[in-house]
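Heads up: the sequence lines are chains A and B, in that order.
To convert, count from 1 in the first sequence and add 15; that's my numbering.
To convert, count from 1 in the second sequence and add 4; that's my numbering.
All C-beta atoms in this analysis are idealised placements derived from N, C-alpha and C, irrespective of residue type, glycine included.
Small disclaimer: the values here were computed from a predicted structure and weren't measured.
All remarks here apply to the structure that follows.
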Amino acid sequence: RKEVEQDPGPFNVPEGATVAFNCTYSNSASQSFFWYRQDCRKEPKLLMSVYSSGNEDGRFTAQLNRASQYISLLIRDSKLSDSATYLCVVNPPGTGFQKLVFGTGTRLLVSP
Amino acid sequence: NAGVTQTPKFRVLKTGQSMTLLCAQDMNHEYMYWYRQDPGMGLRLIHYSVGEGTTAKGEVPDGYNVSRLKKQNFLLGLESAAPSQTSVYFCASRPTAFQMNTEAFFGQGTRLTVV
């Protein structure tokens, strides 16, 4: 089983739609969780960290479910500019939580 | 505020040639990483470093070597390039693992083609 798994998509949604992505992780002792955004041919950039109680940043909401070992990202009122690949990132134990493990990404296409 | 800078941004190598990719960060971060990104494979960790003078293997270290002689620089070397090393290489840095939710910052990537 992969350490971090994501549905690759693509998710095709119209502007204004709500879309949700899930990501599962294999190691229950994983510590930190993030969602990164990557535009085509660009470097990944942090979208938001994911906190145990869930957190919101404008139209974006992240949730962590430790019991089921998944994190989610909800995007409300999708914009054309939200089109990108969303990477789930987990900080597993072992070697002192030094590594960051990336999922393969979920591609989102928002159309007019 | 340069952040993480990778050099070069593009390179074409012939099979068997060697090269070094340079990553420099100006944020005084302890941790630095080298990833490669291939279609459908996501970002895979090649090597990483948790401080000056220390390096460790990641998920796909074969064919690569690294050095961290100065805290701000992390070098990735290809001794004898192979077509399978055609990829986009990203360097990242992070303050430390001892604080929760510390963000990793990425360089702009190096597109390497081995022919």
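| Item | Value |
| --- | --- |
| Burial state of L73 (chain B), where buried means 16 or more other Cβ atoms lie within 10 Å | exposed |
| Option in B:T100, B:S53, B:K13 with minimal Cα separation from T117 (chain B) | B:K13 |
| Under 8 Å by beta carbon: chain A residues contacting L47 (chain B) | P59, L102, F117 |
| Residues bridged to G67 (chain B) (per DSSP) | Answer is none; G67 (chain B) lacks a bridge partner. |
| C-beta neighbour in chain B for G120 (chain A), strict 7 Å | yes |
| For L17 (chain B), the nearest candidate out of B:A60, B:T90, B:N32 (CA to CA) | B:T90 |
| Whether F78 (chain B) touches E58 (chain A) by CB criterion (7 Å) | no |
| Near-chain B residues of the stretch 72-97 of chain A - C-beta to any C-beta below 9 Å | none |
| Pick from B:Q21, B:E63, B:S97, B:Y68 that is closest to V76 (chain B), judged by C-alpha positions | Checking the sequence shown, residue 76 (chain B) turns out to be Gln, not Val. Ranking the options by Cα distance to Q76 (chain B), first place goes to B:S97. |
| Span separating the alpha-carbon of Y35 (chain B) from that of P127 (chain A) | 41 Å |
| Coil, strand or helix - P43 (chain B) by DSSP | coil |
| Contact under 7 Å by Cβ, G20 (chain B) with S84 (chain B) | yes |
| Best match in A:V19, A:A32, A:E18, A:P23 for proximity to D97 (chain A) [C-alpha to C-alpha] | A:A32 |
| Which of helix, strand or coil DSSP assigns to P87 (chain B) | helix |
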